[in-house]
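Take 21 as the starting number for the sequence shown in the numbering used here and just add one per residue.
These notes are about the structure you will find just below.
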Amino acid sequence: MTMVAFAEQKSKTVHPLARFVTVEAIAMHLKMNPEDIRRIDCWRYVIHVVGKGVSTFVSYGDMPPIVGIEPPSQKDIVCWRKRWKKNKFKAPSFWVVFYAQKFQLNCRQGSPG
């Protein structure tokens, strides 16, 4: 059975990095199948993910920027750097896999750069 995932805003204040929250990024970060995610709730400071056998919180600072929407601002970069401080200011390792997957998909579809 395939579960339907959706993101719902749970706060009146929208986090600036909320625009980068996607089912694919959340699934890759949590090392789970996207179909197993039932609900994604965007709260003021964290993302709440409910799925098959999981209910957890994820930081907005873990979400990679998405090509094709508003580019990251200096304020966004500051948010990421604060989150990455514990990792010697490096992005989460799953970002490499995330972008490689996006590039492969675009190449297969024949999309320009």
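Backbone N, C-alpha and C fix where the C-beta goes; we use that ideal spot for every residue, glycine too.
Note that the structure is a prediction, hence the values are computed from the model and not measured.
Taking the straight line between their C-alpha atoms, what separation do you get for residue i and residue j?
{"i": "Phe118", "j": "Gln29", "result": "24 angstroms"}
{"i": "Asp96", "j": "Arg103", "result": "11 angstroms"}
{"i": "Ile89", "j": "Val98", "result": "19 angstroms"}
{"i": "Arg59", "j": "Val69", "result": "6 angstroms"}
{"i": "Met83", "j": "Phe114", "result": "10 angstroms"}
Going by beta-carbon coordinates alone, are residue i and residue j separated by less than 8 angstroms?
{"i": "Pro54", "j": "Val43", "result": "yes"}
{"i": "Thr62", "j": "Val41", "result": "As written in the sequence, residue 62 is Cys, which differs from the Thr given in the question. Contact flag set, yes."}
{"i": "Arg64", "j": "Ser31", "result": "yes"}
Contact check, residue i vs residue j under 8 angstroms by CB: the rounded distance?
{"i": "Val66", "j": "Ser75", "result": "Actually they are not in contact, since the Cβ atoms of Val66 and Ser75 sit about 12 angstroms apart, beyond 8 angstroms."}
Taking 8 angstroms as the threshold (beta carbon to beta carbon), is residue i in contact with chain B?
{"i": "Cys127", "result": "The chain labelled as chain B is not found in the depicted structure, where only one protein chain is given."}
Taking DSSP's pairing of strands, which residues face residue i in a bridge?
{"i": "Phe118", "result": "Partner(s): none; Phe118 has no beta bridge."}
{"i": "Val78", "result": "Ile67"}
Under the rule that 16 or more other beta-carbon atoms within 10 Å means buried, what is residue i, buried or exposed?
{"i": "Gly71", "result": "buried"}
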